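Asker:
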Amino acid sequence: MANKIKSKGTALLMSIASVYTAIPQLKSISISGEKSEVFENTTLDGSAFKTKSPTGYVDPASISADVFYDPQNAVHAAFIALIAAPVATNFKVTFADAGPTSVVYSGVGFGFDKSASPADGLSGTMTIETSGAPS
Amino acid sequence: MKAKLVITHEADMSTMSEELKSKVRFAKNGEAGKPIAIFPAGTEFEGDQALALCRNGQATPSDQECADALGLTEAQLNALQIGYKMDMLGIHKPEDRELYRAGVISGFDKNGRYKPGVNWDEYNKAKTAVAAEEEV
């Protein structure tokens, strides 16, 4: 039976010194873009509907995480340091199911957008381009 | 320069040195019981790793060199460690973090409800009293 799993308690952890370290003050997380690649294989003598086939490759996911940004926080700083000096770094997403289920992504490209507005706390959006298959 | 983890952490086996591997233990993960690699609370790290873990609030200095390099008072280090514990427990909303710091909650149960902390009863008594006063 499928269960409705709450989002509350979902965690994003970054490997720092081989220790999975929780990203602080996480507001939301989105993992998107993982899909199998296809190519069009329509031929001139084919039917009206165009056809496609899998290439056998898969586009890896991108992770986007919104946080309340703390410029003094060492974990936020460690993430931001990856932008200028990118190093392949493992990120673990742990869901709040009974398991709990965890998925590890290898992050290779990093970004961090900051925003301040009267209606919200100082915020940041982390983006992580992943490489290869999640494990 | 040395520091010890204040809480148990999951270990990233893909990147660690042989020396660190000897410190890894395995523990049951949640209800599913699948064993995962961990560094138990009290595991000691050395060098820059030790300092980085202290700065994140994950570890506490276990020698003077690390304490000096960290340069935090005990109160500052405690605040950092409490902040980190909240992150590990998935306590992200500012109002929930205030309740955790005040000892009203200790986290969430598996249904996402508050787990009572040491001041849970006191807090609810005060809340009820305020609500009653407002009604008058």
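First to last, the sequence lines map onto chains A and B. To convert, note that position 57 of the first sequence is 57 in the numbering used here; the numbers rise steadily by one, no gaps. Count along the second sequence starting at 1, add 1000, and that's the number in the numbering used here. We put the beta carbon where it would ideally sit given N, CA and C, even for glycine. Treat the numbers as computed from the prediction; the structure is a model and nothing was measured.
1) Check whether the Cβ atoms of residue 1052(B) and residue 1061(B) sit closer than 8 Å, and answer yes or no.
2) With a floor of 3 residues, list each beta strand (DSSP E) that falls wholly inside the stretch 1056-1134 of chain B, ordered by position along the chain.
3) With a threshold of 8 Å between beta-carbons, can residue 105(A) be considered close to chain B, or not?
4) At least one CB of chain B closer than 8 Å to the CB of residue 9(A): is that the case?
5) Consult DSSP for residue 97(A) and reduce its assignment to one of helix, strand or coil.
6) Using C-beta distances below 7 Å, list every residue in its chain close to residue 9(A), excluding the 5 sequence neighbours before and after it, in chain order.
7) Is residue 24(A) close to chain B? Criterion is C-beta to C-beta, closer than 8 Å.
8) For chain A, find out if any of its Cβ atoms is closer than 8 Å to the Cβ of residue 1026(B); answer yes or no.
9) Just how far apart, CA to CA, sit residue 79(A) and residue 1035(B)?
10) Per the DSSP calculation, residue 38(A) is bridged to which residue(s)?
11) Can you tell me which of 90(A), 119(A), 86(A) and 35(A) puts its alpha carbon nearest to the alpha carbon of residue 109(A)?
12) From residue 1016(B) to residue 1040(B), what distance separates their C-alpha atoms?
13) Name the two residues that bound the continuous alpha helix (DSSP H) containing residue 79(A).
14) Can you give me the C-alpha to C-alpha distance between residue 71(A) and residue 1127(B), rounded to a whole angstrom?
15) For a contact defined as C-beta to C-beta under 7 Å, what are the partners of residue 21(A) on chain B?
16) With a 10 Å radius around its C-beta and 16 neighbouring C-beta atoms as the bar for buried, classify residue 45(A) as buried or exposed.
17) Is the beta carbon of residue 27(A) less than 8 Å from the beta carbon of residue 40(A)?
18) Within the 8 Å Cβ cut-off, does residue 16(A) reach chain B?
19) In the structure shown, what three-state DSSP assignment does residue 1048(B) receive?
20) Residue 4(A) touches chain B at which residues, Cβ-Cβ below 8 Å?
21) For the alpha helix (DSSP H) containing residue 1005(B), name the first residue and the last one.
22) Starting from the beta carbon of residue 138(A), find every residue of chain B whose beta carbon is closer than 9 Å, and list them in chain order.
23) Does at least one heavy atom of the ligand ATP sit under 7 Å from the Cβ of residue 1017(B)?
24) Residue 44(A) by DSSP, collapsed to three states: which one?
25) For the beta strand (DSSP E) that contains residue 27(A), what are its first and last residues?
Answerer: Let me lay it out:
1) no
2) 1059-1061, 1105-1108 and 1114-1116
3) no
4) yes
5) coil
6) 96
7) yes
8) no
9) 28 Å
10) 54(A)
11) 86(A)
12) 16 Å
13) 74-84
14) 34 Å
15) 1056 and 1058
16) exposed
17) no
18) yes
19) helix
20) What residue 4(A) touches in chain B: nothing, since even the nearest Cβ is about 11 Å away.
21) Not the alpha helix (DSSP H): residue 1005(B) falls in the beta strand (DSSP E), residues 1002-1005.
22) Limits of chain A in this structure are 1 at one end and 135 at the other, which puts residue 138(A) out of reach.
23) Absent from the structure shown: the ligand ATP. Ligands present: none.
24) coil
25) 26-32
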